[in-house]
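**Q** Can you read through this structure? Questions will come right after.
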Amino acid sequence: MAFLLRRAQAALFTIACVMLMLFMLVRSVPGDMASIMLGPRATPELRARIVAEMGLDQNIFVQLWLFLTRVVRGDFGEDIISRRPIIDIVAEVLPNTLILAGTALFLSLVFGILLGLIAAKSRGSWADSLLGLLSVAFVSTPSLVVSIVLLLLFSRALHWFPVAGVGDSGDMLDQLAHLVLPATALALGWIGYIARLVRAALLETLTEHHIRTLRAYGVPEWRIAGIYALRLALVPLVSILGIGLGDLIGSAVFAELIFARPGIGSLIFNSIAVRNYPVVQAAVLIIILIYILANLAVDLINSRLDPRIARAMREGRQA
Amino acid sequence: MSVAVNNLSVDYRGHGPDLHAVRDVSFTIPPGRMLGLVGESGSGKSTVAFALMGLLQANARITSGDMQIGGRNYDLTKNATAPLRGRGLAMIFQDPLLSLNPVFTIGAHLTEILRVVAPREDAGRRRAMAEEALAKVKLTDPRRRLDQYPHELSGGMRQRVVIAMALLAKPVLLIADEPTTALDVTVEASVMREICALRDELNCSVLLITHSLGLVTKYCDDMAVLYAGEMLEQGPARAIQLRPGHPYSRLLLDCEVAIDQPRHEPAMANSFKVIGGELPDLRAPVSGCVFAARCDRAVADCAVTVPSAVRLDAEGRHSARCLRIGVS
Ligand SMILES: Nc1ncnc2c1ncn2[C@@H]1O[C@H](COP(=O)(O)OP(=O)(O)O)[C@@H](O)[C@H]1O
Ligand code: SF4
Ligand SMILES: [Mg+2]
């Protein structure tokens with residue numbers, strides 16, 4: 037529990053820093069904020085509204101205070117263009133991104149671990165070499181390229197999967213069909229990476245003495261590899277998943293653009309294009325929040341996987 | 224029924240010529256008895272142990288040997304004993320700090336063994352059996368231990384956990400490869416007591432591998448002396464201690480006396496160092512007696528003639544391989 041508190045403190049500190057940075061970034065754009073944001077849309081009323089909402093006519097510290105107190109309450113203000121609360125705009129598309137990144141993460145884990153296990157158990161064989169080759173190919177192809185290739189091949193040429201959008205909101209199957217290609221595009225690199233990681237970790241673990249102990253007592257080889265060695269091999273894997281989720285959400289921005297999926301990525305992109313900074317601010321903050329939560333979850337999972345990490349964390353050592 | 228190992232030879236492949244780690248080793252262990260296999264580091268003790276378990280490293284080849292256990296004969300060159308692991312064969316390892324999986328509880332280890340040896344029991348019953356086994360090896364507070372992780376236990380306690388695993392497996396042959404070498408001298412006696420108690424409870428054959436003569440003379444019924452992969456002398460521990468037949472055994476026992484430590488302590492000390500010289504190159508072909516280079520009684524013939532086993536008692540249980548037995 038003490039460890040959780042410490043982690044929460046660190047997380048809060050990070051969030052505070054990020055908010056401060058966002059606040060300053062937006063305000064560091066040279067020139068008159070209101071005209072920059074409004075561009076050609078600028079009318080005297082809109083200008084006045086922005087100035088009032090963001091407190092632009094007041095002292096910078098008052099502006100910061102205003103910004104912080106609102107954000108803490110989940111109030112990111114009202115969108116000047118649509119006049120809807122910004123938080124609603126973000127919340128509307130957030131699930132799409134989370135589903136996309138979550139599915140990609142799930143695919144990465146399932147296939148990455150499976151392929152890693154197969155490669156390790158068939159070490160030195162043609163299957164191992166083939167998996168090695170594939171993994172490296174997966175890792176070294178940017179998800180942007182994979183997205184475009186998948187789109188051209190499976191949607192445009194073969195018509196197996198829909199081209200754009202997220203699918204009908206009531207139709208699960210349709211939504212799934214829309215999810216397949218972008219999720220695969222995002223996952224492929226991570227599948228390759230995880231397969232390599234799991235293979236290496238497994239091969240190392242399988243030579244350890246405690247594995248020999250289990251063998252000496254006749255424990256079946258599949259249980260040794262799939263349970264006892266795998267659990268140890270998962271510790272380094274889980275550690276990189278926090279970064280993994282961040283990377284997945286990052287690449288989701290491109291996948292959402294290419295597959296024309298509404299989501300945080302396309303929202304940020306479109307908002308930057310029209311210089312709608314308050315929306316960018318809110319979206320970025322939400323992503324950072326997810327990232328921090330993911331890393332917190334990773335630590336918790338790892339401390340469940342490896343009791344030695346739990347102890348190290350309790351004792352305040354670096355795990 | 225005795226466990227018998229016949230003509231075991233093991234090579235290791237690598238760069239250059241094969242390394243002949245074990246050459247034509249045979250021994251017999253009656254049920255309820257403990258055979259102490261002694262030899263200095265590198266003499267091939269662990270190779271013998273892992274060959275019997277079918278757990279040798281990938282670059283090892285068993286070139287000859289079979290094992291009789293439970294009234295049946297198994298061809299070691301075909302790894303025929305592998306299915307006996309956990310079902311007749313059990314092993315205790317040198318380093319208890321490494322021999323348990325750090326991310327699984329003690330209970331998980333023991334119940335996993337029970338999946339193998341008692342597949343019909345349900346999970347609750349297995350847990351109860353595991354707790355019982357921990358109590359038998361005198362681990363305090365066995366119920367709590369089940370949910371603890373290896374790092375929460377001391378080395379001696381972890382070794383008891385492995386002994387409990389062996390107890391659950393009810394082996395016909397228990398192999399203990401230097402079970403106390405990595406432990407503090409103060410816990411050596413208690414760990415050895417548990418191994419003896421296990422032997423007496425199961426009436427199984429025990430192969431105790433050690434580089435400590437003190438351990439052998441204190442706990443073992445029989446003794447076998449291994450040198451550079453070859454068996455030099457074997458027989459009842461007491462008989463060898465009183466009347467060593469082989470110059471190597473005599474030198475070892477002399478060191479033991481000269482150092483004059485209490486019997487159970489030299490497990491840490493290595494009396495082999497006291498004898499001058501080093502193990503011969505195991506890759507080179509052996510001509511004559513393997514011990515010739517370090518022997519204080521060697522004569523010219525020792526370098527060319529391979530000694531065969533000479534009987535030293537009426538029952539034929541004590542024998543040694545030296546050309547100069549009976550020659551003064
Ligand atoms: N995997 C291996 N490859 C090559 N040589 C090995 C291997 N394992 C052991 N050896 C060699 O075999 C000999 C016997 O080793 P070992 O059985 O471990 O001896 P001991 O247990 O008596 O110390 C040593 O010379 C050692 O270097
Ligand atoms: S045969 Fe010769 S060298 Fe070998 S132990 Fe006997 S006396 Fe020594
Ligand atoms: Mg050894």
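These protein sequence lines map, in sequence, to chains E and S. Residue numbers for the first sequence follow my numbering, so the first one is 37 and each next one is one higher. Residue numbers for the second sequence follow my numbering, so the first one is 224 and each next one is one higher. A virtual CB, placed ideally from N, CA and C, is assigned to each residue, including glycine.
CA-CA distance, E:Phe-295 and E:Leu-100?
**A** The residue you call residue 295 of chain E lines up with position 259 of the first sequence. The residue you call residue 100 of chain E lines up with position 64 of the first sequence. Spanning the two alpha carbons is a distance of roughly 37 Å.
**Q** Quick check on the DSSP output: what are the complete beta strand (DSSP E) runs of length 3 or more inside the region 390–461 of chain S, in order along the chain?
**A** 396–400, 428–433, 445–450, 453–459
**Q** Do S:His-541 and ligand 2 come close, with the Cβ less than 7 Å from some heavy atom?
**A** Locating residue 541 of chain S in the second sequence gives position 318, counting from the first residue. No.
**Q** Please report whether the beta-carbon of S:His-238 lies at a distance below 8 Å from any beta-carbon of chain E.
**A** Here the question's residue 238 of chain S lines up with position 15 in the second sequence. Not one chain E Cβ lies under 8 Å of S:His-238.
**Q** Nearest to S:Thr-273 by alpha carbon, out of S:Thr-363, S:Arg-547, S:Asp-400?
**A** Residue numbering aside, residue 273 of chain S sits at position 50 when the second sequence is read from its first letter. Note that residue 273 of chain S corresponds to Phe in the displayed sequence, not to Thr. Per the Cα distances, S:Asp-400.
**Q** For S:Val-429, which residues in the same chain have their Cβ closer than 6 Å to its Cβ, ignoring the five residues on either side in sequence?
**A** Counted from its first residue, the second sequence places residue 429 of chain S at position 206. So the list reads Met-257, Leu-397, Arg-422, once near-sequence residues are dropped.
**Q** Would you call the region 281–297 of chain E and the region 210–229 of chain E in contact, with 3 or more CB pairs under 8 Å?
**A** A contact between stretches requires three or more CB pairs, one per stretch, nearer than 8 Å, and the region 281–297 of chain E meets this requirement with the region 210–229 of chain E.
**Q** Any C-beta of chain E sitting closer than 8 Å to the C-beta of S:Glu-417?
**A** For this step, residue 417 of chain S is matched to residue 194 along the second sequence. No, no contact with chain E.
**Q** So, are the CB atoms of E:Val-199 and E:Leu-186 less than 8 Å apart?
**A** Walking along the first sequence from the start, residue 199 of chain E turns up at place 163. Walking along the first sequence from the start, residue 186 of chain E turns up at place 150. No, Cβ-Cβ distance for E:Val-199 and E:Leu-186 is not below 8 Å.
**Q** Measuring from the CB of S:Gln-263, is there a heavy atom of ligand 3 at a distance below 7 Å?
**A** Within the second sequence, residue 263 of chain S is the residue found at index 40, counting from 1. In the sequence as presented, Gln is not what sits at residue 263 of chain S; that position holds Glu. Not under cutoff, so the answer is no.
**Q** Here's a check: name, in chain order, each residue in its chain whose Cβ is nearer than 7 Å to the Cβ of S:Thr-528, leaving out the five neighbours to either side.
**A** As a working mapping, residue 528 of chain S is identified with position 305 in the second sequence. Excluding positions up to five away in sequence, the list reads Gly-511, Leu-546.
**Q** Is E:Asp-342 close to chain S, meaning its C-beta is less than 8 Å from at least one C-beta of that chain?
**A** Position 306 of the first sequence, counted from the start, is the residue given in the question as residue 342 of chain E. Yes, E:Asp-342 lies at the interface with chain S (some Cβ there is under 8 Å from its Cβ).
**Q** Across which residues does DSSP place E:Glu-114 in a beta bridge pair?
**A** The residue you call residue 114 of chain E lines up with position 78 of the first sequence. E:Glu-114 pairs with E:Pro-121.
**Q** Relative to the C-alpha of S:Met-380, which candidate in S:Arg-349, S:Leu-323, S:Val-339, S:Gly-347 has its C-alpha closest?
**A** For the purposes of this step, residue 380 of chain S is taken as the residue at position 157 of the second sequence. It is S:Leu-323 whose Cα lies nearest to the Cα of S:Met-380.
**Q** Under the three-state reduction of DSSP, which class applies to S:Glu-488: helix, strand or coil?
**A** Start at 1 with the first residue of the second sequence, and residue 488 of chain S comes out as number 265. Residue placement at S:Glu-488 cannot be trusted, given a pLDDT of 45 that sits under 50; the coordinates are not used to answer.
**Q** Look at the alpha carbon of E:Arg-159 and the alpha carbon of E:Leu-153, and state the distance between them as a whole number of angstroms.
**A** Taking the first residue of the first sequence as position 1, residue 159 of chain E is located at position 123. Taking the first residue of the first sequence as position 1, residue 153 of chain E is located at position 117. Answer to the nearest angstrom: the Cα atoms are 10 Å apart.
**Q** With hydrogens ignored, establish whether the beta-carbon of S:Asp-234 is closer than 7 Å to any heavy atom of ligand 3.
**A** Here residue 234 of chain S corresponds to residue number 11 of the second sequence, with the count starting at 1. No.
**Q** Strictly below 8 Å CB to CB, what residues from chain S border E:Val-255?
**A** The residue you call residue 255 of chain E lines up with position 219 of the first sequence. Gly-309, Glu-335, Ile-336, Arg-338, Val-339, listed in chain order.
**Q** Which residues in chain S sit within 7 Å of E:His-245, going by Cβ to Cβ distance?
**A** Along the first sequence, one-based indexing puts residue 245 of chain E at 209. Simply Phe-316, Asp-318, Leu-321, Ser-322.
**Q** S:Ala-405 CB to nearest chain E CB: under 8 Å?
**A** Counted from its first residue, the second sequence places residue 405 of chain S at position 182. False, the Cβ-Cβ gap to chain E never drops below 8 Å.
**Q** Distance, Cα to Cα, S:Leu-320 vs S:Val-340?
**A** Your numbering for residue 320 of chain S matches position 97 in the second sequence. Your numbering for residue 340 of chain S matches position 117 in the second sequence. Taking the CA atoms as reference points, S:Leu-320 sits about 24 Å from S:Val-340.
**Q** Should E:Tyr-264 be flagged as near chain S, meaning a C-beta pair shorter than 8 Å?
**A** Here residue 264 of chain E refers to the residue found at position 228 when the first sequence is read from its first residue. Interface residue, yes.
**Q** Along the chain, which unbroken stretches of the alpha helix (DSSP H) at least 4 residues long are found entirely within the region 43–109 of chain E?
**A** 69–74, 80–90, 96–108
**Q** Measuring CB to CB, does S:Arg-366 end up less than 8 Å from S:Ile-329?
**A** Walking along the second sequence from the start, residue 366 of chain S turns up at place 143. Walking along the second sequence from the start, residue 329 of chain S turns up at place 106. With respect to S:Ile-329, S:Arg-366 sits apart: the two C-beta atoms are not nearer than 8 Å.
**Q** So what does DSSP say about S:Arg-246, is it helix, strand or coil?
**A** By 1-based counting over the second sequence, the position of residue 246 of chain S is 23. Residue state, collapsed to three classes: strand.
**Q** Return no unless some Cβ of chain S is closer than 8 Å to the Cβ of E:Leu-220.
**A** Taking the first sequence and counting its residues from 1, the one referred to as residue 220 of chain E is at position 184. Going by the sequence as given, residue 220 of chain E is Thr instead of Leu. Chain S, which has no Cβ nearer than 8 Å to the Cβ of E:Thr-220, makes this no.
**Q** Under 7 Å from any heavy atom of ligand 3, does the C-beta of S:Asp-318 make it?
**A** By 1-based counting over the second sequence, the position of residue 318 of chain S is 95. False, no ligand heavy atom lies under 7 Å from that Cβ.
**Q** For S:Thr-300, collect the residues of the same chain with a Cβ closer than 6 Å to its Cβ; drop the 5 residues on either side in sequence, then sort them by chain order.
**A** For the purposes of this step, residue 300 of chain S is taken as residue 77 along the second sequence, with counting starting at 1. Correct list, in chain order: Ile-285.
**Q** Could you please tell me which residues of the region 269–288 of chain S, in chain order, have their CB closer than 8 Å to any CB of chain E?
**A** The region 269–288 of chain S vs chain E, Cβ under 8 Å: Met-276, Leu-278.
**Q** Between S:Tyr-471 and the rest of its own chain, which residues show a CB-CB distance below 7 Å, the 5 nearest in sequence each way excluded?
**A** By 1-based counting over the second sequence, the position of residue 471 of chain S is 248. The beta carbon of S:Tyr-471 lies closer than 7 Å to those of Val-448, Tyr-450, Leu-455, Phe-514 in the same chain, with the five residues before and after it left out.
**Q** Taking 7 Å as the cut-off, is the beta-carbon of S:Ser-269 closer than that to any non-hydrogen atom of ligand 1?
**A** As a working mapping, residue 269 of chain S is identified with position 46 in the second sequence. S:Ser-269 Cβ: within cutoff of ligand 1.
**Q** Would you call E:Leu-277 buried or exposed, if buried means 16 or more other Cβ atoms sit within 10 Å of its Cβ?
**A** Position 241 of the first sequence holds residue 277 of chain E. With 16 or more Cβ atoms within 10 Å of its Cβ, E:Leu-277 is classed as buried.
**Q** List, in order along the chain, the chain E residues whose C-beta lies closer than 8 Å to that of S:Met-388?
**A** Counting from one through the second sequence, the residue named residue 388 of chain S turns up at place 165. Within 8 Å Cβ-Cβ: Thr-249, Tyr-253.
**Q** List, in order along the chain, the chain E residues whose C-beta lies closer than 8 Å to that of S:Pro-325?
**A** Counting from 1 along the second sequence, the entry for residue 325 of chain S is found at position 102. Within 8 Å Cβ-Cβ: His-246, Leu-268, Asp-342, Pro-343, Arg-344.
**Q** Does the region 370–379 of chain S come close enough to the region 387–397 of chain S that 3 or more CB-CB pairs lie under 8 Å?
**A** no
**Q** Using only the heavy atoms of ligand 1, determine whether one of them is closer than 7 Å to the beta carbon of E:Leu-242.
**A** By one-based count along the first sequence, residue 242 of chain E stands at place 206. Outside the cutoff, so no.
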